[in-house]
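K.L.:
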Ligand code: TMP
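Numbering (our numbering), first residue to last: 483 to 679.
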């Protein structure tokens with residue numbers, strides 16, 4: 483069984499809804515699971531969200547996401563050591579996808595720079611990537627409080643970057659247009675299978 487699972491995708495891909503349902507399903511089956519997310523609701527996570535809203539420098543935003551994750555990883559390690567399954571809505575791949583696009587033109591190889599600053603992270607056993615066309619994703623989140631990142635042109639680049647980085651075997655790309663319950667079933671089945679398959 484997989485123990486550390488992350489959920490990734492562009493805004494409006496439905497990953498938060500599905501990941502919460504997966505959490506409920508694992509609890510219903512008697513597993514000890516923890517649901518967590520990034521940006522966190524800790525001091526640095528809250529500050530990161532404020533800085534995005536204010537339109538802070540992308541370099542500052544990148545470093546804040548990483549700082550928030552440093553504290554979060556400590557907690558995740560502890561939960562895993564205690565024997566919980568940890569489900570995390572957004573993790574290091576969000577930084578690789580969003581910030582590498584945001585930092586384009588500011589340095590030679592933003593993705594490589596972000597990877598070097600992220601050598602403290604622990605590797606998920608599985609990363610579900612919810613793939614969807616940005617226009618469709620945006621139409622889903624109309625009416626919800628949005629961030630500066632939620633525009634189709636930017637999200638198109640982020641979607642492509644996600645696909646480009648999803649080369650390791652820990653990734654499973656899901657068609658996010660499928661129904662919620664089908665996606666939940668697919669994720670739960672996959673989590674129950676052996677690690678490292
Ligand atoms: P949320 O809507 O999932 O709470 O995430 C808030 C926004 O932050 C979302 O547009 C994605 C973005 N984000 C990044 O750009 N980099 C990151 O590392 C994380 C965790 C989120």
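Glycine included, C-beta positions come from ideal geometry on N, C-alpha and C.
Kindly examine ligand 1 and report whether one of its heavy atoms sits closer than 7 Å to the Cβ of residue 576.
P.N.:
Checking every heavy atom of ligand 1 against the Cβ of residue 576, one is found closer than 7 Å.
K.L.:
Here's a check: name, in chain order, each residue in its chain whose Cβ is nearer than 8 Å to the Cβ of residue 673, leaving out the five neighbours to either side.
P.N.:
Cβ within range, chain order: 483, 484, 487, 504, 508, 567, 608.
K.L.:
In the DSSP assignment, find the unbroken beta strand (DSSP E) run with residue 550 in it and report its ends.
P.N.:
Run containing residue 550: none in the beta strand (DSSP E); it sits in the alpha helix (DSSP H), 540 to 563.
K.L.:
How would you label residue 518, buried or exposed, when you count the other beta carbons within 10 angstroms and need 16 or more for buried?
P.N.:
Buried: at least 16 other Cβ atoms inside 10 Å.
K.L.:
Where does the unbroken alpha helix (DSSP H) through residue 503 begin, and where does it stop?
P.N.:
It spans 497 to 510 - the alpha helix (DSSP H) in which residue 503 sits, taken as one unbroken run.
K.L.:
Alpha carbon to alpha carbon, how far is residue 490 from residue 624? Give it in angstroms, no decimals.
P.N.:
Distance between the alpha carbons of residue 624 and residue 490 is about 20 Å.
K.L.:
How many Å lie between residue 545 and residue 647 at the Cα?
P.N.:
Going by the C-alpha atoms only, they are around 20 Å apart.
K.L.:
In chain order, what are the residue ranges of uninterrupted alpha helix (DSSP H) at least 4 long that sit wholly in the region 516 to 542?
P.N.:
Whole alpha helix (DSSP H) segments, 4+ residues: 525 to 536.
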